[in-house]
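Visitor: Before we start, here is the structure in question, set down as structure tokens.
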Amino acid sequence: MAKSTVKGTKIKLDRSDIIIRTIGYVVVTLYALACVLPFLIIIGTSFTAEEVIRTEGAQLFPKQFTTKAYEMVIQGGAIWKSYGLTITMTLTGTLVGLGIISMTGYALQRKDFPFRNAISFYIYFTTLFSAGLAPYYLMMTQTYKLQDNYLAVWLPLLMSSWLIILMKNFVKSIPHEITESGKIDGAGDMKIFTALILPMLKPALATIGLFLAIGYWNEWYQSSLFLSEKMSVYPLQYTLYKVVNKVNSLKSTVAGQYVDLSDLPSNGLKMANAILATGPVILIYPFVQRYFIGGITVGAVKG
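In terms of this note's numbering, the sequence shown opens at residue 1461 and continues consecutively.
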């Protein structure tokens, strides 16, 4: 057992506590290295010459440094337009999605909101069944006429039933008396939500906002379905996907001809794409980490 000192500010650890803490630090350190090391290998490999990758495999420290893979990705400037489009879609989608999800989650927890249980069940019910890809594609292209329209990518990621349920569970931790006190003071529903409830939702907003932002940032599947070759700019992930496919296609179609593609950085290109795609998300995550942990914990234990 740990014993307090006379001052009461320090804790004296006995032998068993020291052993347990040491084991914990070692396990956490090994786990952190297991998470960081692959990313460092990706960075090193992206700056390694293709012939070295083929003969010696992935590199933590490049033996033959080159930026050829990055030059191939950014040549023509299309990558920067894709960055701009993805950043715009991510920011607008995250902000609008947070507004809708937070208001929906709050309304479903209002005790004076009629049919809240029926609506909650309807939202939950949609997570159990799916019509399939064919009806979904026909709905987006024939009913909503969203073929070759960025809204076909933006709208499906705006919210999800799971995120609404997560927000609803978090709002459960806010006493209903706060809403009642706002009504007594003469505040309207929107004033109560923006002035009293929304400031208390910071952990949930950070958690759900991160999920929304990552969803928009990593999106490529909707783009492959609804954005054809007519589009001049594609979202970032789909642009990188097309670059890798073009390189692989080039290597296969000219095989056997008198063209030397030994220096074509196909492996390095994949690593460079991974760095360009994940870099911004890694830079943003530390700023919302503490809210993210608090929000996901509350959403998990409140039911």
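All residues carry an ideal CB built from backbone N, CA and C; glycine is no exception.
1) Can you list, in chain order, the residues of its chain whose CB lies under 6 Å from that of Y1718, leaving out five sequence neighbours each side?
2) Please list, in chain order, all residues of the same chain as T1429 whose beta carbon is under 8 Å from its beta carbon, the five residues on each side excluded.
3) Are L1623 and I1561 close, meaning C-beta to C-beta below 8 Å?
4) Could you spell out where the alpha helix (DSSP H) holding M1563 opens and where it closes?
5) What residues in its chain sit with their C-beta under 7 Å from that of I1735, if we drop five residues either side in the sequence?
6) In the DSSP assignment, find the unbroken alpha helix (DSSP H) run with T1526 in it and report its ends.
7) So what does DSSP say about G1706, is it helix, strand or coil?
8) Tell me which residues share the same chain as F1573 and place their Cβ nearer than 7 Å to its Cβ, disregarding the 5 neighbours each side in the sequence.
9) Along the chain, where does the alpha helix (DSSP H) that runs through L1670 open and close?
10) Less than 8 Å separating the beta-carbons of L1545 and P1695?
11) Using DSSP's beta-bridge definition, name the partner residues of T1508.
12) For L1606, which residues of its own chain have a beta-carbon under 6 Å away from its beta-carbon, when the five flanking residues on both sides are left out?
13) Pull up the distance between the alpha-carbon of T1412 and that of K1690, whole angstroms please.
14) List the endpoints of the continuous alpha helix (DSSP H) containing K1628.
Guide: For this structure:
1) Numbered from its first residue, the sequence shown carries residue 1718 at position 258. Since pLDDT at Y1718 reaches only 46, below the 50 mark, its modelled position is unreliable, and the value read off the structure follows with that caveat. None.
2) Residue coverage of the chain in this structure runs from 1461 to 1763, which leaves residue 1429 outside it and unanswerable.
3) Locating residue 1623 in the sequence shown gives position 163, where the first residue counts as 1. Locating residue 1561 in the sequence shown gives position 101, where the first residue counts as 1. Yes, these two residues count as a Cβ contact at 8 Å.
4) As a first step, residue 1563 must be located in the sequence shown, where it is residue number 103. M1563 -> alpha helix (DSSP H) spans 1538-1569.
5) Taking the first residue of the sequence shown as 1, we reach residue 1735 at position 275. These residues qualify, in order along the chain: I1502, I1503, S1506.
6) For the purposes of this step, residue 1526 is taken as the residue at position 66 of the sequence shown. That residue, T1526, is in no alpha helix (DSSP H); it is neither H nor E in DSSP.
7) The sequence position of residue 1706 within the sequence shown is 246, counting from 1. Checking the displayed sequence, the identity of residue 1706 turns out to be Lys instead of Gly. The answer is helix: DSSP assigns K1706 an H, G or I state.
8) As a first step, residue 1573 is located in the sequence shown; it is residue number 113 there, counting from the start. For F1573, where only same-chain residues beyond five positions count, the Cβ hits under 7 Å are A1567.
9) Your numbering for residue 1670 matches position 210 in the sequence shown. Taken as a continuous stretch (DSSP letters only), the alpha helix (DSSP H) holding L1670 covers 1662-1677.
10) Sequence index remark: in the sequence shown, residue 1545 carries index 85 (1-based). Sequence index remark: in the sequence shown, residue 1695 carries index 235 (1-based). Yes, these two residues count as a Cβ contact at 8 Å.
11) The sequence position of residue 1508 within the sequence shown is 48, counting from 1. DSSP lists F1525 as partners of T1508.
12) Locating residue 1606 in the sequence shown gives position 146, counting from the first residue. For L1606, where only same-chain residues beyond five positions count, the Cβ hits under 6 Å are M1600, A1612.
13) Residue coverage of the chain in this structure runs from 1461 to 1763, which leaves residue 1412 outside it and unanswerable.
14) Working through the sequence shown from its first residue, we reach residue 1628 at position 168. It spans 1621-1631 - the alpha helix (DSSP H) in which K1628 sits, taken as one unbroken run.
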